[in-house]
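From first to last, the protein sequence lines stand for chains A and B. Take the first sequence: its letters are residues 1 to 373, numbered as in the working numbering. Take the second sequence: its letters are residues 1001 to 1575, numbered as in the working numbering. Glycine residues also receive a C-beta, built at the ideal position from the N, C-alpha and C atoms. Source: prediction; values computed, not measured. What follows is a set of notes on a single structure, which appears directly below.
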Amino acid sequence: MNASLRRLSGLLRKEFLQIWRDPSSLAIAFLLPAVLLFLFGYGVSLDARGVPLAMVVENPDAASADFTAAFAHSPYFRPRHFRTIQRAEQALAKREVKGIVWLRSDFTRRALARPPAPIGVVVSGVDANDARLIEGYVQQAWAGWLASWARTHGRPPPLLVDVAPQVRFNAAVSSRNYLVPGLIAVIMTLTGALLTALVIAREWERGTMEALMVTRVRLAEILLAKLIPYFLLGMGGMAASVAIAEGLFAVPLRGSFWVLSAASALFMLAALGMGLLISSFARSQFVAGQIALIATFLPAFILSGFVFDIASMPAAARLITHVVAARYFVAILQSVFLAGDVWSVILPNGAALLLMAAIFLGLARAIARKRLD
Amino acid sequence: MRLEGVRREFRSGKRVVVALDGVTAEAPRGAVTGLIGPDGAGKTTLMRLVAGLLRPGGGGIEVLGLDVARDPLAVQQRLGYMPQRFGLYEDLSVRENLDLYADLQGLPPDERPARYATLLHMTGLAPFTARRAGRLSGGMKQKLGLACTLLRPPELLLLDEPTVGVDPVSRRELWQIIDDLTRNGRMTVLFSTAYLDEAGRCDSVWLIHEGRLLGAGPPAGFTAEMQGRSFFARAACNRRRLQAELAGLAGVIDTVIEGGRVRVVTATPAPPETAALAASLPRFSLAPAPPRFEDAFVARLRPEAPPAATAPVARAAAAEPAAAAEVISVSHLTRRFGTFTAVDDVSFAVARGEIFGLLGANGAGKSTTFRMLCGLLPPSSGRLRVAGFDLRHAAAPARARIGYMAQKFSLYGDLSVRQNLRFFSAAYGLANARQRERIDWATAEFGLQFALDATAGQLPLGFKQRLALACALMHEPDILFLDEPTSGVDPLARRDFWRRINDLAEAKVTVLVTTHFMEEAEYCDRLVIMAQGRVLSSGTPEAIKAVAKSPALPDPTMEDAFIATVLAAAPGEAA
């Protein structure tokens, strides 16, 4: 075995022993991903279900009962009945309900006359998501009611466009199905950038780095000895996350596993490059942690299109997303999980990841010095 | 190794700090060169420059015939370096650490068993190869660090403060190892330390202070120039009064309390004029003393006699109190952390106006005892009374009478001196006129006038210490706790500090000191030696030193006494 390989294998053995014996590394690599997945899988959901809704029917009759039944049977709403609009508005103000559907006393008569529909809809704008849901649903329910009324009364349906939205790729419209793949990017950022930056800073803090620097070891060997173990750890975290996503949350994986692995490997290299870069100027764990959180973790969370749609961001923010590696990875992930191997998505994003990995790793190597100043 | 006008600066914000200022020196091959100086003198910077970890701002360094700045890798091939906070991997066992460094240094596998056996035998670590480095004692860690750097015997060995904070027994063993290594003349060692008493063990010494080389040469040369200038004075009176009187004499540049006597150093090789003293003090005597390295250091820092020292403490005239009231009493104090007993059945009592020391290595249980005394940590068992208060029930009123100066600089480094004084006085509940009065007092008493608006974090170490003491004294406590107060400061700052402490003790403030610094123990009226949580010995410095007295060692040092005490308590269990 030549001297360089022996040094590298010595460093690698040390790194693995440390990872194995130090519970905090393993916790960041495996426990944190599991916690995040459970949190997003079970806890956080962007789907509205059981939204409390006030129904005010001033003059109950068969026609209005028919209309309100559409809400009662919907899984999205939990209707509550109020006598007067004033009461309902009080409830809205107290946030007991998120919207009001108001059928005036002349509902049935005007309903059949001509549009616009005689329905008052008040929504609370506090939660924009719920507000849009109520609006859309009221329109749908109204259309459905008109159609069925026409059928039962043997008349041609009034002039209406049948609004029947079709959801593709995520037929259940479950937010879990796109959150969980995006989460994998966040998790890999954690191991790649945060953990790597932290363990190198720890070597500086404990003085072990200074001791390494004066041995015959070459810089490339030190960097490789950090790159390899945390690459494997990150890929392990990725595999565990995919297993949880598939096994527990039944998120579909429509593309191939190999495309997923290759894209993950590229992203992992970019994240590790960031981690090494951070560690070249942050020599305390506190600073390294702060920089890694701000420069890698938060962008991966907010600017990657994982939760917030990039297309609807302001132009300036959209511009910034281009330097966030997670953006490209999330695009690939969502395509591989929900649509399949869509090469027109995978190839350009993959190329971007490759470029970013090359830039970050190259910079990290170029900046690193076997000196303290 | 040759240094030629080496200069190095560091930039911190807008300020430029000169760490090394034109150091020119030469270290002989195959010998131990001691790099000696207080904290902040530039020792570590010099080490890093020699190791090629920093580039010199000016001048050149030649190591083993190579220019370090031009070819650091070639130099690093041939040297071993043990940084101050040594780089052991604490999660790895002794054996795994050795394996790692053997790989890094390219020691062929077939040579390893023999080399490991030699090093483990030399360091006494053979029984602990499977133990994690993090679980070793401080002394054992240093020895393992040394073993790791020696796996492939380097031509030049750089050791950055390997003995600081290590117990004296391990310290002696480390020196034994270094002596063995250099005996055949093949290895050159550069050894840095803040302990001036280690100079005598080196073949050659570089004395540095504030980035400048104050002197270089064999240690005997330093003490030779002090020949006839060191004396021991004794008198049947309070030794602090004796010191104050001696310090006021013309031609005296230094006075230090050493147990029951006072060491006096003069500016010229002649005894000071003591006729007047002999007349006024009962049983006064003055005898020549063998000069120490520290005397030479002080003489270089203060070639002239200081302007007549402030008038001898007036309060000293008060007669010794007939019955000393007990201010601190500790009985059967024990503190456990899980299965580990940090403090084990410790008992002692401190009288009013007494300076009492807890002497021990890092990890001996001093700090834990201290925290319990301050009411910061409840004891597992035993009784504790401070200023008449039971700390378990009345921590707050007891604390109001305690001043505490922590080991690490515990002031706000980003605030100015004035802001620190204001904050700490307010924290102790002072306000308005009273607060202004105390701040004025502290400013005048501690000579902080010119530094009031300076940022505390950028003051020199000695100044920081003064400021910390001033802050601890804002509320005029009658008990003062000092945790390692002067470790690493230069001898002048230490003298200055102890002069103030002595004044306080004379004013009947009770002072409790922890230290691992043998010399500091000499200042105490009484002390206990602690090791592994237990009190091994207690009494006056004289009484404790008497233990080690033998025909071969008529005048033992505190370190000799410490080692004798530790070995007597645990025969066969070194460190």
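Original post:
Got a sec, what are the start and stop residues for the beta strand (DSSP E) H1121 (chain B) sits in?
Top reply: Unbroken run through H1121 (chain B) is the alpha helix (DSSP H), 1112-1123; no beta strand (DSSP E).
Legend entry - Sub-8 Å separation of A225 (chain A) and L5 (chain A) beta-carbons: Taking 8 Å as the Cβ cut-off, A225 (chain A) and L5 (chain A) do not qualify as a contacting pair.
Self-check item: Residue-chain proximity (D341 (chain A), chain B), Cβ-Cβ < 8 Å
Solution: Chain B contact via Cβ: absent.
Task: Closer than 8 Å to chain A by CB, D1110 (chain B) - done: The Cβ of D1110 (chain B) sits no closer than 8 Å to any Cβ of chain A.
request  = Give, in chain order, every unbroken run of the alpha helix (DSSP H) that is at least 4 residues long and sits entirely within the stretch 1456-1485 of chain B.
outcome  = Entirely contained in the stretch 1456-1485 of chain B, the alpha helix (DSSP H) runs reaching 4 residues are, in chain order, 1461-1472.
Between G207 (chain A) and chain B, is there a C-beta pair that is closer than 8 Å?
-> Taking Cβ atoms only, chain B reaches closer than 8 Å to G207 (chain A), which makes this a yes.
- [ ] Would you mind sorting F1450 (chain B) into buried or exposed? The rule is 16 or more other CB atoms within 10 Å of its CB.
- [x] By the neighbour-count rule (16 or more Cβ atoms within 10 Å), F1450 (chain B) is not buried but exposed.
Would you decide whether K1464 (chain B) is buried or exposed? Buried here means 16 or more other CB atoms lie within 10 Å of its CB.
Looking at its Cβ environment, which holds 16 or more other Cβ atoms inside 10 Å, K1464 (chain B) is buried.
* Asked: Taking contact to mean at least 3 C-beta pairs separated by less than 8 Å, is the stretch 226-235 of chain A in contact with the stretch 138-157 of chain A?
  -> Flag = no, the stretch 226-235 of chain A and the stretch 138-157 of chain A do not touch.
Against M213 (chain A), what residues of chain B qualify as contacts under a CB-to-CB distance less than 7 Å, listed in chain order? Ordered by position in chain B, the residues that pass the 7 Å Cβ test against M213 (chain A) are L1053.
* Does R1048 (chain B) get closer than 8 Å to chain A when you measure Cβ to Cβ? -> Chain A contact via Cβ: present.
- Query: Going by beta carbon distance, what residues of the same chain come within less than 8 Å of S1093 (chain B), once the five residues before and after it are set aside?
  - Reply: Hits under 8 Å: T1129, A1130, R1131, R1132, A1133.
*C-alpha distance - A1275 (chain B) paired with V1262 (chain B), whole-angstrom precision*: Spanning the alpha carbons of A1275 (chain B) and V1262 (chain B) requires a straight line of approximately 17 Å.
Since A1025 (chain B) and W1206 (chain B) are thought to touch, with beta carbons under 8 Å apart, how far apart are those beta carbons, to the nearest angstrom?
-> So it is a contact: roughly 5 Å between Cβ atoms.
Next item on the list: Measure the C-alpha to C-alpha separation of S24 (chain A) and V1023 (chain B) and round it to an integer number of angstroms.
Entry: Straight-line spacing of the CA atoms in S24 (chain A) and V1023 (chain B) works out to 45 Å.
If we count the other Cβ atoms within 10 Å of its Cβ and call it buried at 16 or more, is W1498 (chain B) buried or exposed? Around the beta carbon of W1498 (chain B), a 10 Å sphere encloses 16 or more other beta carbons of the protein chains shown; the residue is thus reported as buried.
**Prompt:** By the 10 Å Cβ neighbour count, where 16 or more other Cβ atoms means buried, how is T1268 (chain B) classified, buried or exposed?
**Reply:** Exposed, by the Cβ-count rule.
* C-beta atoms of G1259 (chain B) and E1542 (chain B) nearer than 8 Å -> Contact flag set, yes.
(request) Show which residues of chain A have a CB atom less than 9 Å away from the CB atom of E1559 (chain B). (result) None at all; the shortest Cβ gap to chain A is about 27 Å.
Report task. Name the one or two DSSP bridge partners that V1063 (chain B) has. Result -> B:L1066, per the DSSP bridge assignment.
*Beta-carbon spacing of A1299 (chain B), S1329 (chain B) below 8 Å*: Cβ distance not < 8 Å, so A1299 (chain B) and S1329 (chain B) don't count as in contact.
message = So, with DSSP's three-state summary, where would you put L1020 (chain B)?
response = Collapsing the DSSP output to three states places L1020 (chain B) in a strand.
ask   = Taking Cβ positions only, does G10 (chain A) come closer than 8 Å to chain B?
value = Taking Cβ atoms only, chain B reaches closer than 8 Å to G10 (chain A), which makes this a yes.
Please tell me whether C1148 (chain B) and N1097 (chain B) are closer than 8 Å, where the distance is taken between their beta carbons. Inclusion of C1148 (chain B) and N1097 (chain B) in the CB contact set at 8 Å is warranted, their separation being smaller than that value.
> If you measure from the beta carbon of A1323 (chain B) to each beta carbon in chain A, is any gap under 8 Å?
Replying inline: Note that A1323 (chain B) scores a pLDDT of 47, beneath 50, so its modelled location is shaky; the value from the coordinates is reported in the next line. A1323 (chain B) is outside the set of residues whose beta carbon lies under 8 Å from a beta carbon in chain A.
Any beta carbon of chain A sitting closer than 8 Å to that of D1021 (chain B)? No - not a single Cβ of chain A is within 8 Å of the one on D1021 (chain B).
- A1069 (chain B) vs G1060 (chain B) beta-carbon contact at 8 Å: Contact: yes.
Exercise for review: For G1221 (chain B), go through chain A and note every residue whose CB falls closer than 9 Å to its CB, in chain order.
Suggested key: What G1221 (chain B) touches in chain A: nothing, since even the nearest Cβ is about 31 Å away.
Just to confirm, is the Cβ distance from K1043 (chain B) to G1034 (chain B) under 8 Å? Taking 8 Å as the cut-off, the beta carbon of K1043 (chain B) is found no closer than this to the beta carbon of G1034 (chain B).
Review point. Taking just the CA atoms, how far does I200 (chain A) sit from M238 (chain A)?
Key: Separation of M238 (chain A) and I200 (chain A) (C-alpha to C-alpha, rounded to the nearest whole angstrom) is 22 Å.
Q) Are the CB atoms of R1418 (chain B) and D1440 (chain B) nearer to each other than 8 Å? A) A distance of 8 Å or more separates the beta carbons of R1418 (chain B) and D1440 (chain B).
Compute the Euclidean distance between the alpha carbons of L11 (chain A) and E1090 (chain B), then round it to the nearest angstrom. The straight-line gap from Cα to Cα measures roughly 15 Å.
- prompt: Taking the runs of the alpha helix (DSSP H) that are 4 residues or longer, which of them lie wholly in the stretch 242-314 of chain A?
  reply: Secondary structure in the stretch 242-314 of chain A: the alpha helix (DSSP H) runs of 4 residues or longer, each lying completely within the stretch, are 257-281, 285-292, 298-302 in chain order.
Minimum Cβ-Cβ distance from A282 (chain A) to chain B less than 8 Å
Not one chain B Cβ lies under 8 Å of A282 (chain A).
*asked:* Per DSSP, what are the beta-bridge partners of P79 (chain A) in this structure?
replied: As DSSP reads the structure, P79 (chain A) sits in a beta bridge with A:L53.
#### Entry: Rounded C-alpha distance that separates R80 (chain A) from I278 (chain A)
Rounded to the nearest whole angstrom, the C-alpha separation of R80 (chain A) and I278 (chain A) is 55 Å.
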